[in-house]
Amino acid sequence: MHISEGVLRPEILIGGAVLSTALVFYAFKTLKNEDIPKTAVLSALFFLASFIHIPLGPTSVHLVLGGIVGALLGPRAFVAIFVALFLQGILFGFGGLTTLGVNVFNLAFPTLAGYFLFRLRPHTIWSKTALWFSVGFVPLALSAFLLSLTLALNGEAFVSAAKLAFLAHLPVMFIEGVITLFALRFIEKVAPAWLEVA
Amino acid sequence: MDQTSRPPITPCVALLLALVYGCTIALQTHVYVSMSLVLFFLAWLKRRFLLTILKRLVMLNTLIVFIALTLYWQHQEHLAGLMLLRSNLMLLCILLLFHGCNEFTIAIAMQRLALPHKLTTLFFFTSKSIFLIRHELVLFKNTLRIRGFTPKTDLLSYKTLAGFIGTLVIKALERSVALQKAMLLRGFQGEIYTLSRRQSLRSNDAIATLLTLISLFWHQGYVL
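Chains A and B supply the protein sequences, listed in that same order. Just remember that our numbering sits 354 ahead of the position in the first sequence, which is counted from 1. Just remember that our numbering sits 8 ahead of the position in the second sequence, which is counted from 1.
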């Protein structure tokens with residue numbers, strides 16, 4: 355999901371950095387002192403999600419949890435994801451510093467979809483199931499689309515890689531949707547107040 | 009790394025060097041041998057951990073090699089080679105500079121760089137939360153192992169893992185409330201005070217800075 359250092363053209367790096375700076379700056383300015391703890395713990399959760407491996411046939415994939423983070427934080431998710439990606443880039447080399455802007459935009463912007471989907475009030479159990487699945491599925495699908503779009507904009511030679519990258523994320527989208535659905539159901543049973551507050 | 013030992017390059021200097029080196033290399037359309045000058049110095053400083061760092065670099069190359077292969081397949085050999093070399097120079101720089109550092113080291117470095125207090129506070133709280141959630145993650149994995157649970161591609165495994173994610177989210181949110189109360193109790197005014205002393209710059213920092221500048225602006229030994 356992260357684009358590595360050295361892959362993208364300067365125009366794309368600068369464009370991504372400008373977009374992300376504006377969005378993170380807005381989220382940061384509107385972040386109140388009392389919101390810092392919640393933002394920090396969910397940033398930590400996003401950071402550690404890449405260590406949670408889910409089996410998929412002979413291989414395994416890691417979670418992103420952008421939908422849950424977006425649902426619980428709303429626009430503040432930009433700051434949380436910025437901090438998490440910065441630490442991942444520095445400590446593990448996932449992504450990096452020059453691609454931080456692009457990666458933050460690709461991963462944080464779609465979480466807004468998770469936020470809006472989560473705020474919809476379903477009337478039936480089936481619509482709730484579909485909505486909560488979408489809270490996980492849609493942000494990751496949008497992130498994969500943005501990742502592919504970024505690669506495709508990098509030049510005609512990168513279009514094949516962009517298509518393959520999107521296809522590679524298809525199973526992950528479904529797994530993220532299923533895990534998000536069951537996780538939200540679990541929270542609803544154990545501590546429903548957290549979902550009402552969100 | 010031992011909590012009491014100091015990294016060979018002061019973390020706030022390392023952050024600035026990584027940023028300058030990364031941003032300059034990202035703009036290059038040709039690669040020269042001299043660009044790796046600073047990396048040799050950093051590799052010498054981290055010589056005890058070099059094998060671990062190189063193994064990590066190989067692992068991080070998965071996506072880069074995948075993209076390079078698609079470029080090579082389309083007869084874009086120069087672009088593929090340039091991307092491979094550029095990526096590896098930048099990644100190696102980050103891995104060498106920050107190997108052995110943890111989240112707290114970075115949070116302290118952010119504070120030393122005089123960034124906004126709200127941002128450094130967020131880095132400190134995130135670091136603390138990572139430390140605590142990681143501990144819970146290890147406990148959960150051990151519990152599953154002791155109970156003989158092997159995750160598979162089935163609904164039971166996904167439900168079990170989702171239950172764990174749910175638990176993590178609830179615990180994280182409860183912890184955020186406790187943290188908020190602690191902030192109120194301690195009269196938090198938007199700034200975190202650390203007990204660690206201000207770290208003075210050392211000769212390694214000066215040498216690394218000088219070599220970074222030479223690496224970036226003195227082009228010798230054309231490669232690609």
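Think of the CB as a built atom: it goes at the ideal place given N, C-alpha and C, for glycine as much as any other residue.
For A:Gly-383 and A:Ala-376, I'd like the C-alpha separation in whole angstroms.
Counted from its first residue, the first sequence places residue 383 of chain A at position 29. Counted from its first residue, the first sequence places residue 376 of chain A at position 22. Going by the sequence as given, residue 383 of chain A is Lys instead of Gly. Cα to Cα, the separation comes out at about 11 Å.
Run through the segment 52-109 of chain B for me and flag every whole alpha helix (DSSP H) of 4 or more residues, listed as ranges in chain order.
58-81, 85-106
Just checking my contact of A:Val-513 with A:Ala-522 at CB under 8 Å: how many whole Å lie between their CB atoms?
Taking the first residue of the first sequence as 1, we reach residue 513 of chain A at position 159. Taking the first residue of the first sequence as 1, we reach residue 522 of chain A at position 168. Actually they are not in contact, since the Cβ atoms of A:Val-513 and A:Ala-522 sit about 15 Å apart, beyond 8 Å.
Where B:Leu-92 and B:Phe-49 are concerned, what is the direct C-alpha to C-alpha distance, given to the nearest angstrom?
Counting from 1 along the second sequence, the entry for residue 92 of chain B is found at position 84. Counting from 1 along the second sequence, the entry for residue 49 of chain B is found at position 41. Near 21 Å, if we compare the C-alpha coordinates of B:Phe-49 and B:Leu-92.
Roughly how many angstroms lie between the CA atoms of A:Ile-366 and A:Gly-449, to the nearest whole one?
Counting from 1 along the first sequence, the entry for residue 366 of chain A is found at position 12. Counting from 1 along the first sequence, the entry for residue 449 of chain A is found at position 95. About 15 Å.
Exposed or buried, what is A:Pro-364 when buried is set at 16 or more other beta-carbons lying within 10 Å of its beta-carbon?
Along the first sequence, read from residue 1 onward, the residue named residue 364 of chain A stands at position 10. Looking at its Cβ environment, which holds fewer than 16 other Cβ atoms inside 10 Å, A:Pro-364 is exposed.
Residue environment, B:Gln-197, which counts as buried when at least 16 other CB atoms sit within 10 Å
Translated into positions along the second sequence, residue 197 of chain B becomes position 189. B:Gln-197 should be labelled exposed.
Using a Cβ-Cβ distance cut-off of 9 Å, determine whether A:Ser-481 contacts chain B.
Counting from 1 along the first sequence, the entry for residue 481 of chain A is found at position 127. No, A:Ser-481 lies away from the interface with chain B (no Cβ there is under 9 Å from its Cβ).
Delimiting residues of the beta strand (DSSP E) encompassing A:Val-361
On the first sequence, position 7 is the one that residue 361 of chain A refers to. Per DSSP, A:Val-361 belongs to no beta strand (DSSP E) and is neither H nor E.
Would the segment 432-443 of chain A and the segment 453-464 of chain A be scored as touching if the rule is three or more Cβ pairs under 8 Å?
yes
Exposed or buried, what is B:Tyr-201 when buried is set at 16 or more other beta-carbons lying within 10 Å of its beta-carbon?
Position 193 of the second sequence, counting from 1, holds the residue named residue 201 of chain B. Exposed: under 16 other Cβ atoms inside 10 Å.
Chain-ordered chain B contacts of A:Glu-530 [CB-CB under 8 Å]
Translated into the one-based positions of the first sequence, residue 530 of chain A becomes position 176. Correct list: empty, because the minimum Cβ distance to chain B is about 11 Å.
Determine the contact status of A:Leu-394 and B:Phe-133, defining contact as a CB-CB distance below 9 Å.
As a first step, residue 394 of chain A is located in the first sequence; it is residue number 40 there, counting from the start. As a first step, residue 133 of chain B is located in the second sequence; it is residue number 125 there, counting from the start. Residue identity check: residue 394 of chain A is Ala in the sequence provided, not Leu. Yes.
Taking contact to mean 3 or more Cβ pairs, one atom from each stretch, closer than 8 Å, check whether the segment 114-121 of chain B and the segment 16-30 of chain B are in contact.
yes
Below 9 Å between beta carbons: does that hold for A:Phe-520 and A:Phe-499?
The sequence position of residue 520 of chain A within the first sequence is 166, counting from 1. The sequence position of residue 499 of chain A within the first sequence is 145, counting from 1. Their beta carbons are under 9 Å apart, which means A:Phe-520 touches A:Phe-499 by this criterion.
Pull up the DSSP beta-bridge partners for A:Val-415, would you.
The residue you call residue 415 of chain A lines up with position 61 of the first sequence. DSSP output for A:Val-415 lists A:Ile-408 as bridge partner(s).
Consult DSSP for B:Asp-10 and reduce its assignment to one of helix, strand or coil.
Here residue 10 of chain B refers to the residue found at position 2 when the second sequence is read from its first residue. Since pLDDT at B:Asp-10 reaches only 46, below the 50 mark, its modelled position is unreliable, and no value is offered.
What does A:Phe-540 reach in chain B if we use C-beta pairs closer than 7 Å?
Position 186 of the first sequence, counted from the start, is the residue given in the question as residue 540 of chain A. Ala-170, Gly-171, Gly-174, listed in chain order.
Counted within 10 angstroms of its Cβ, other Cβ atoms place B:His-83 as buried (16 or more) or exposed:
Start at 1 with the first residue of the second sequence, and residue 83 of chain B comes out as number 75. Counting Cβ neighbours within 10 Å, B:His-83 comes out exposed, since fewer than 16 surround it.
DSSP three-state label for B:Gln-29, please.
Looking up residue 29 of chain B in the second sequence gives position 21. The amino acid at residue 29 of chain B is misidentified as Gln; the sequence shows Tyr. Three-state DSSP puts B:Tyr-29 in a helix.
Between which two residues does the alpha helix (DSSP H) holding A:Lys-482 run?
Position 128 of the first sequence, counted from the start, is the residue given in the question as residue 482 of chain A. Element bounds for A:Lys-482: 479-507.
Who are the neighbours of B:Leu-87 on chain A, taking C-beta pairs under 8 Å?
Against the second sequence, residue 87 of chain B aligns to sequence position 79. Neighbours of B:Leu-87 on chain A, chain order: Gly-509, Ala-511.
Thinking A:Leu-419 and A:Phe-400 are a contact (beta carbons under 8 Å), I'd like their distance in whole angstroms, please.
Here residue 419 of chain A corresponds to residue number 65 of the first sequence, with the count starting at 1. Here residue 400 of chain A corresponds to residue number 46 of the first sequence, with the count starting at 1. Right, their Cβ atoms sit about 6 Å apart.
Would you verify that the beta carbon of A:Gly-443 is, or is not, closer than 9 Å to some beta carbon of chain B?
Stepping through the first sequence from its first residue, residue 443 of chain A is reached at position 89. It does; some Cβ of chain B falls within 9 Å.
Where B:Thr-1 falls, given that 16 or more other Cβ within 10 Å makes a residue buried
Nothing about residue 1 of chain B can be reported from this structure: the residues present for chain B run from 9 to 232 only.
Just the Cα atoms here: how many angstroms apart are B:Ala-190 and B:Leu-203?
Taking the first residue of the second sequence as position 1, residue 190 of chain B is located at position 182. Taking the first residue of the second sequence as position 1, residue 203 of chain B is located at position 195. The straight-line gap from Cα to Cα measures roughly 18 Å.
Going by the beta-carbon positions, is the gap between B:Thr-47 and B:Ile-222 smaller than 9 Å?
On the second sequence, position 39 is the one that residue 47 of chain B refers to. On the second sequence, position 214 is the one that residue 222 of chain B refers to. The amino acid occupying residue 47 of chain B in the given sequence is Leu; Thr does not appear at that position. No, the Cβ-Cβ distance between B:Leu-47 and B:Ile-222 is not below 9 Å.
Looking at B:Tyr-29 and B:Cys-109, is the spacing between their C-beta atoms short of 9 Å?
Position 101 of the second sequence, counting from 1, holds the residue named residue 109 of chain B. Position 21 of the second sequence, counting from 1, holds the residue named residue 29 of chain B. Going by C-beta atoms, B:Cys-109 is not nearer than 9 Å to B:Tyr-29.
Assuming A:Ser-358 and A:Thr-453 are in contact, meaning their beta carbons sit under 8 Å apart, how far apart are those beta carbons, in whole angstroms?
Counting from one through the first sequence, the residue named residue 358 of chain A turns up at place 4. Counting from one through the first sequence, the residue named residue 453 of chain A turns up at place 99. Indeed, because the Cβ distance is near 7 Å, the residues count as touching under 8 Å.
Report buried or exposed for B:Ala-186, applying the criterion of at least 16 other Cβ atoms within 10 angstroms of its Cβ.
Here residue 186 of chain B refers to the residue found at position 178 when the second sequence is read from its first residue. Flag for B:Ala-186 reads exposed.
Nearest to A:Leu-385 by CA position, among B:Leu-127, B:Leu-58, B:Ala-22, is which residue?
On the first sequence, residue 385 of chain A is found 31 positions in, with the first residue counted as 1. Of the candidates B:Leu-127, B:Leu-58, B:Ala-22, the one whose C-alpha sits nearest the C-alpha of A:Leu-385 is B:Leu-127.
C-alpha distance - B:Gln-228 paired with B:Ile-33, whole-angstrom precision
In the second sequence, the residue the question calls residue 228 of chain B occupies position 220. In the second sequence, the residue the question calls residue 33 of chain B occupies position 25. Between B:Gln-228 and B:Ile-33, the C-alpha separation is close to 15 Å.
Taking only runs that begin and end inside the segment 163-197 of chain B, name each unbroken alpha helix (DSSP H) of 4 or more residues, in chain order.
163-193
Which of helix, strand or coil does DSSP assign to B:Tyr-40?
Taking the first residue of the second sequence as position 1, residue 40 of chain B is located at position 32. Correct three-state label for B:Tyr-40: strand.
Going by C-alpha distance, which of A:Gly-509, A:Lys-482, A:Ile-444 is nearest B:Leu-25?
Position 17 of the second sequence holds residue 25 of chain B. The shortest C-alpha separation from B:Leu-25 is found at A:Ile-444.
If the cut is a Cβ gap below 8 Å, which residues of chain A does B:Tyr-166 touch?
Mapped onto the second sequence, residue 166 of chain B falls at position 158. Result: Ile-408, Ile-529, Val-532, Ile-533, Phe-536.
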